[in-house]
Amino acid sequence: MREIRTTCAYCGVGCGIRATVTGERSVTIKGDTEHPANFGKLCSKGTHLGETVGLEGRLLTPMIGDRQAGWDEALDLAATKMRQCIAEHGPDSVAFYVSGQLLTEDYYVANKLMKGFIGSGNIDTNSRLCMASAVAAHNRAFGEDVVPCTYDDLDEADLILLVGSNTAWCHPVIWQRIEAARQKRGTKLVVIDPRRTETAEQADLYVALAPDGDVALFSALLADMRDRGLLDAAFLDQKCDTPAGYVEGLIASAHGIDPDTFKALSDLVAAHPRMISLFSQGANQSRSGTDKGNAIINLHLATGLISEPGMGPFSITGQPNAMGGREVGGLANMLACHLGFSAEERADVALFWNAPNICSGPGLKAVDMFRAVHDGRIKFLWVMATNPAVSMPDAGFVREALARCETVVVSDVLADTDTSRLAHIRLPALGWSEKDGTVTNSERRISRQRALLAAPREARADWAILCDFAGRMGWGKAFDFTSAAAIFSEYAQMTSLAVKHGKVLDLTDLALLDDAAFDALDPVIWGGRHPLAKRFSHTDGKARIVAVSAPAVPALDPAFPLRLNTGRYRDQWHTMTRTGLSPTLSQHRREALLEVHPRDALQHGLADGGLAEVSTASGKAIFRVAVTDSQRPGDLFVPMHWTDSFSGEARANRLPSQDTDPVSGQPGFKDTPAAVNPVRTQWRAFLASRDAVEITGMRWWSRSRVPGGWLYELAGDADCSPDALLPTGERLEAADMTRGMRRFVMRGADGSLVAALFLTRSGELPARDWVADQLGQSSAAALELLAGRPSAPVPDRGPIVCVCHGIGANTIREAACAGAETVEAIGAATCAGTNCGSCRPAIARLLQEFRLETAEAAA
Ligand SMILES: Nc1nc2c(c(=O)[nH]1)N[C@H]1C(S)=C(S)[C@@H](COP(=O)(O)OP(=O)(O)OC[C@H]3O[C@@H](n4cnc5c(=O)[nH]c(N)nc54)[C@H](O)[C@@H]3O)O[C@H]1N2
Ligand SMILES: Nc1nc2c(c(=O)[nH]1)N[C@H]1C(S)=C(S)[C@@H](COP(=O)(O)OP(=O)(O)OC[C@H]3O[C@@H](n4cnc5c(=O)[nH]c(N)nc54)[C@H](O)[C@@H]3O)O[C@H]1N2
Ligand code: SF4
Ligand SMILES: [Mo]
């Protein structure tokens, strides 16, 4: 059995993995102890990657409409359509919408094809929804999109500010690194977030700011450092260009933050020059996202806290290859290799590529791109490795746009996604375990992703699909790549242009790797640890302090009195196309929850565990209510993950508007005016089913994966017909008319449970885990299932906290009751938290709750 070193499929931490192929479609996964991003650690998602490499749901042949087609036919059709489009309407009538989940080699080829050969700037990426504001802030401040520090700096910092980052859930291995630094050197941690997340709960100081309060906060911190005499006059003078009077004019008071908290924060900042400000989507995904980035960077520049060990503004990337995409030019407003669109840069790139049709300027950014699709300016759209029908704001509009578009091509690993349902041509791409190339992580480290398994059926690498297509467009010579290595080498060579134009992106040392050397390539950081230490990339070598001002607090619309925030769950990834298929990862949160403060719940008549409809100017969606004081009064939170494949009505992106940051074009996903109302239905039901069921005509439903099949939660008004939910065959049925309860059980020939349905108008539904555990088992307890409860009580482990060991909250509380006082002691008693460690913050939260309860009981 071969062990192969590769990189995790998910987040921008970029953890190294050692994978062992154990069968045709099976692999085992462990952390790579030698990889400098993770030194062997993996979070829950990385640990359970093995559960996602099966062929369930895969697209394995090209499809034209609903019929299978050969590659020749599908790509010929796509090329004919594109040629017609360009001939009739010009190159700007076509567009690529790509993704930070492509490899650098895929990205490079897509960008070269669009910007050099098709001749349009219309290639944009889901990084527009993710990193665009940080990119714009870097470009404004540094003259180049460069992260000025690395993970090593986290180990050496004395103070870490997390700004709009739920690190414990979204970058768990960075989180573990921060925790280690806290233990080792007493690093202080501040979390700045309107929600008290599991990350915030672990902080030394939690700053509960109002949505979009960041610019005001960081400007006030800068003013306070000025008043304390802590600005670095020499650095400002020699290394920065500062708008006259800007720093002097700032006021040291942050509106909306409790003065004591501000004082505590400011004292911490003043006392700890080794300070990292790690920022993520709470900063980027905002109508003031670019200004937030610059407000953070301004503080570091003005105090000179940059490019030294343990300090710097650190934007962390989300997707595994968000950074690689930014390097090669996947954003519509960059040409390639950190270059822009000046005549000289365009000429240099045209010469390097030998490109016949170098584009004349930037293309449309994602939101504008879909507007152009909607109004018919773009007539040919190719979507690669992203699911915009779910992940774009105002996704209803995006669906309309796709439905109107003359030609939609979708390259994906899955046959059926919310986006591919609207495609004319679907192309099967290789998935994580099959593809081969490079990714760049948050700290600019390039790592190899290596193929573990053979390509299934006709699936092909994204770059290979694009090269084949380019050949059909008549540009075969410029796209005659036969390996990822050849593409990487051309890209590395091309970075000499970046160097020529004064940028620090320089991969020229890697340009001469042959296939074997590329295959063996060890993780390598470009730009070194502090790439901006000598000079910044503006032509004068200086950084820019950018004059930013706090955005006006939006006027309250009485129709939408609340503010809707959206984000992520610990164990789901984006639109759930992979993590949604993992029974283990599905345990952490089985449904999309609407988190709401008790005051708002009371005011709007919402019950914990009930359903509620959220509405905004863009649309409506329904979620299960979770009442929690971790929300600020007036703020709502829902997860972004659920799609039409996993729920009816719980799709978050029906709700956010198309409003974007004026500089970066990034949507403000985290603050949408909203209203909320309770949803009361005639009946509720719970179905456990071995096979997936198509659900129609419900008010709301949601499904999740369990080892033997699927669990469905359902609610509706019209009469519920069991026939629509259960397979044909012999059914056992029991009815309890007083409580309006009906139960149905279906078993296979071998006696195993095929499906169980529980319907009620007013009563309790049975314990889900108990029913789910019996799916597919040969001796399902049919009579007990019909009775709706086990004959002997089954211990209730409570909501699952540790997915690796299947440990629930109740088990952890019992251990706490028996005397376990620390996360370690809980681990020793129950195993919880001892594998990947992703649940350690949740265990800490339970322990805290438990301590409070016992203290209250004692008082
Ligand atoms: N488990 C998991 N991990 C992931 C992903 C995933 O889907 N699942 N996706 C990856 C990707 S692509 C990305 S981009 C990252 C995202 O990683 P994060 O940015 O950490 O994730 P989010 O949950 O989107 O948002 C972070 C926090 O911003 C807060 N926030 C909202 N508004 C504001 C504000 O005005 N100011 C401040 N300071 N904070 C605010 C939210 O309350 C939220 O807690 O995660 C990556 N990692
Ligand atoms: N409300 C709200 N919306 C958000 C966000 C938010 O915080 N709130 N966050 C935004 C952010 S930061 C991001 S990054 C986006 C993410 O949003 P998306 O990019 O839309 O999400 P994914 O589910 O990762 O979609 C990836 C798709 O590519 C497919 N795929 C996987 N690997 C490959 C491959 O190698 N090749 C090809 N061709 N296909 C592949 C998968 O099957 C899947 O369909 O969502 C954004 N949307
Ligand atoms: S932190 Fe988790 S999801 Fe991110 S790269 Fe590492 S193992 Fe993968
Ligand atoms: Mo992202």
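At position 435 of the sequence shown (counting the first as 1) the number is 435 in the UniProt record's numbering, and the numbers step up by one without a gap.
No residue lacks a Cβ here, since even glycine has one placed at the ideal position from N, Cα and C.
The model shown is predicted, which means the values in this text are computed figures rather than measured ones.
Taking the beta strand (DSSP E) that residue i belongs to, which residues open and close that run?
| i | result |
| --- | --- |
| Ser645 | Unbroken run through Ser645: none, as it is neither H nor E. |
| Val269 | No beta strand (DSSP E) contains Val269, which is instead part of the alpha helix (DSSP H) from 259 to 271. |
| Gln449 | 445 to 449 |
| residue 880 | An answer regarding residue 880 cannot be provided, because it is not within the stretch 1 to 859 covered by the chain. |
| Gly289 | Careful: Gly289 lies outside any beta strand (DSSP E), inside the alpha helix (DSSP H) at 289 to 302. |
| Asp412 | 407 to 412 |
| Gly31 | 26 to 31 |
| Ser615 | 611 to 615 |
| Lys500 | Per DSSP, Lys500 belongs to no beta strand (DSSP E); it is in the alpha helix (DSSP H), 484 to 500. |
| Gly437 | 437 to 440 |
To which residues does DSSP link residue i through a beta bridge?
| i | result |
| --- | --- |
| Glu730 | Per DSSP, none; premise fails for Glu730. |
| Gly709 | Val706 |
| Leu757 | Leu687, Phe744 |
| Gly567 | Pro639 |
| Glu3 | Thr20 |
| Tyr97 | Asp124, Val383 |
| Gly312 | Ile276 |
| Gln68 | Met63 |
| Gly716 | Trp683 |
| Asp224 | DSSP, once it has assigned bridges, lists no residue as partnering Asp224. |
| Leu430 | Partner(s): none; Leu430 has no beta bridge. |
| Asp557 | Phe560 |
Within the continuous alpha helix (DSSP H) that includes residue i, where are the two ends?
| i | result |
| --- | --- |
| Asn598 | Note that residue 598 is Pro in the sequence shown, not Asn. Run containing Pro598: 598 to 603, per the alpha helix (DSSP H) assignment. |
| Val109 | 104 to 112 |
| Ala78 | 71 to 89 |
| Leu786 | 782 to 787 |
| Ser133 | 132 to 142 |
| Val390 | 388 to 391 |
| Ala244 | Careful: Ala244 lies outside any alpha helix (DSSP H) and carries neither H nor E. |
So, for residue i: in the same chain, excluding its five sequence neighbours on each side, which residues have a beta-carbon less than 6 Å away from its beta-carbon?
| i | result |
| --- | --- |
| Cys149 | Gly312, Phe314 |
| Arg535 | Gly541 |
| Arg177 | Leu154 |
| Ser44 | Asp571, Val803, Cys836, Ser838 |
| Pro62 | Ala69, Trp71, Ala74, Leu427 |
| Arg274 | Ala157, Asp158, Gly310, Met311 |
| Arg840 | Val823, Gly833 |
| Thr197 | Asn166 |
| Gln493 | Ala511 |
| Arg742 | Ala735, Leu759 |
Taking 7 Å as the limit between beta carbons, can you name the residues of its chain near residue i, skipping five residues before and five after?
| i | result |
| --- | --- |
| Arg747 | Leu753, Val754, Ala780, Ala782 |
| Gly282 | Val163, Gly164, Ser165, Asp193, Lys670 |
| Asn653 | Val390, Ser391, Met392, Pro393, Ala395, Met640 |
| Gly431 | Val413 |
Report all residues from its chain with a CB closer than 8 Å to the CB of residue i; omit the five preceding and five following residues, and keep chain order.
| i | result |
| --- | --- |
| Leu636 | Leu562, Arg563, Leu564, Asn565, Leu594, Glu595, Val596, Asp600, Val614, Ala674, Val676 |
| Gln603 | none |
Can you check whether the C-beta of residue i is within less than 8 Å of a C-beta belonging to chain D?
| i | result |
| --- | --- |
| Gln587 | Structure shown: chain D not included; a single protein chain is present. |
Does the count of Cβ pairs from the stretch 570 to 588 and the stretch 186 to 193 closer than 8 Å reach three? no
Can at least three beta-carbon pairs, one atom from the stretch 555 to 563 and one from the stretch 226 to 236, be found at a separation below 8 Å? no
Would you call the stretch 567 to 576 in contact with the stretch 36 to 51, where contact means no fewer than 3 C-beta pairs closer than 8 Å? yes
Three Cβ pairs or more, each shorter than 8 Å: is that satisfied between the stretch 619 to 626 and the stretch 72 to 89? no
The stretch 682 to 697 / the stretch 709 to 719 touching (three or more Cβ pairs under 8 Å): yes
At least 3 beta-carbon pairs within less than 8 Å: the stretch 652 to 667 vs the stretch 284 to 296: yes
On the three-pair Cβ rule with 8 Å, is the stretch 28 to 45 touching the stretch 452 to 472? no
The stretch 362 to 369 / the stretch 524 to 534 touching (three or more Cβ pairs under 8 Å): no
When the Cβ atoms of the stretch 128 to 147 are set against those of the stretch 292 to 307, are three or more pairs found closer than 8 Å? yes
Contact the stretch 8 to 20 vs the stretch 437 to 450: 3+ CB pairs below 8 Å: yes
Specify whether the stretch 320 to 335 and the stretch 3 to 12 touch according to this definition: at least 3 beta carbon pairs, one from each stretch, less than 8 Å apart. yes
Flag this pair as touching only if the stretch 400 to 418 and the stretch 478 to 491 have three or more C-beta atom pairs under 8 Å; answer yes or no. no
Taking a cut-off of 6 Å, which residues have a beta-carbon closer than that to any heavy atom of ligand 4, in chain order? Cys130, Gly318, Gln319
Between the stretch 499 to 517 and the stretch 337 to 346, are three or more C-beta pairs nearer than 8 Å? yes
If we count Cβ pairs, one from each stretch, closer than 8 Å, do we get three or more for the stretch 461 to 472 versus the stretch 99 to 107? yes
I'd like to know if the stretch 194 to 213 and the stretch 251 to 261 are in contact, where contact means that at least 3 CB-CB pairs between them fall below 8 Å. yes
contact_flag[the stretch 808 to 816, the stretch 839 to 859] where n(CB pairs < 8 Å) is 3 or more: yes
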